[in-house]
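Quick note: the sequence shown uses the numbering used here, first residue -18, plus one each step.
Just so you know, even glycine gets a beta-carbon here, dropped at the ideal spot from N, CA and C.
Below: one structure, written as structure tokens.
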Amino acid sequence: MSTESGLGAKVVASDPLQWHVGLVGYGEVGRILAEDLRAAGVARVTAYDSKLGSSAEAALREHAAAHGVRLAASHAELAAAADCIVCAVTASQTVRAAQACAPAIRDGAWFLDFNSASPGAKQRAAEGIDAAGGRYVEAAVMTSVPPYRLRVPLLLGGSHAATLQPLLALLGFKAQVASATLGVASATKMCRSVMIKGLEAMVIESFTTARAYGVEDAVVASLQETFPGIDWEKQAAYFFQRVIEHGRRRAEEVREVAEPCVRSGSRPGLRRARPSARRGLRTWPMRVCSAPGAPPRSRAAPTGAPRPTASSPTAASQRKHDGWHRVSYPGAAPVWSSCSLHRLSAIQEIRPVPWPA
């Protein structure tokens, strides 16, 4: 909570458990943070999301009501009340979200930027917040949030990072200071993204094509022999799930990678080659179907491609699992398949469309 100074101005509470925390972005990350902050004892949590007023509003309000979170009508309403703002939006909205909060942010209020954006974008976001009297700190999220939740590893950056770090620890965050120079933490994140997002895209392209030709099991076996430390079926299933759920966000992150690559003098090949694949994956029409026990059907393959036989590893893989998923490829008829790669509880139909050039 905030206290009044002798001049009537609100002062940010020194005890973070007494803070009024504002969440800009109430998607997957925002909801996880809301749940864990309330569980940690933070009495007041307010959230704003651009989807309020859309068809998604009902689900947001249901979650907020269940966890004691108040929903604000605008960035300004949230910023005017918050001691600490945590911004978790898509990369393309990083600067705009900060600019929308800046006019109303209170003197001394914290602005913790969770977004996967380039160092340049973080610096532009910080300009408005700091000029308005807020305290901007970048936070590079160094792995996927859901498995770790509030304890996801964070790298903090900026001139206020060292002051904020112990306060975040009291709330349950696992954060360490990367640098007092703004942009170092996000550069670390961007370089990691070159590897992680590139690997995701390559795995998706490889496994999708392998399934179309009926050689998925052979490809997995070869990868397992070459890289025995990785469970390729489990890892690929995770990649597919995350990219299907968050394809737009990941495509934006890949575009953000271009800036540090160009500034370093390297050619951002990932940006040129992979966002189109991610956009294509994002546009796959998907729906949940009610046939988890459907019988296996022969797998369609492009003209001239080998078809699996009853004794092939692919057919054996189909017999092993109970969950059947309808999958089609460009130029191939939809078929049912149960390969563990697509054993995703909520997604039972994936119908890829040709990726744009």
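With distances taken between CA atoms, A28 lies nearest to H44 out of K170, W91 and H44. If the five residues before and after G89 are omitted, its C-beta is found closer than 6 Å to the C-beta atoms of V(-7), all from its own chain and listed in chain order. Nearest neighbour of A102 by Cα position, chosen from R116, V165 and A156, turns out to be V165. Under DSSP, Y129 takes part in no beta bridge, so it has no partner. Cβ neighbours of H56 within its own chain (closer than 8 Å, five residues either side excluded): V5, Y29, A78, A81, C82 and A85.
For I211, there is no enclosing alpha helix (DSSP H), since its DSSP letter is neither H nor E.
R25 is bridged by DSSP to H1. The DSSP-derived three-state label of D17 is helix.
Taken through DSSP and simplified to helix, strand or coil, F154 comes out as coil. The segment 129 to 137 and the segment 148 to 167 touch, with no fewer than 3 CB-CB distances between them shorter than 8 Å. Your pair A98 and T75 checks out as a contact, with CB atoms roughly 4 Å apart and the cut at 8 Å.
For C65, the pairing in a beta bridge is given by DSSP as V2 and W91.
Counted as a single uninterrupted DSSP element, the stretch harbouring P84 is not any alpha helix (DSSP H), since DSSP gives it neither H nor E. Within the same chain, I66, I110, G115 and Y117 come within 6 Å of F92 by CB-CB distance, once the 5 residues on both sides are set aside. Taking the CA atoms as reference points, T71 sits about 36 Å from G195. Contact between E119 and L137 holds, with the beta-carbon distance rounding to 7 Å and staying under 8 Å.
In the three-state reduction of the DSSP assignment, G8 falls in the coil class. By a beta-carbon distance limit of 8 Å, A107 does not contact L41. Their separation comes to about 28 Å.
In the structure shown, the three-state DSSP call for S187 is helix.
By the neighbour-count definition (other C-beta atoms within 10 Å, threshold 16), M176 is an exposed residue. For A39, the enclosing alpha helix (DSSP H) begins and ends at E38 to A47.
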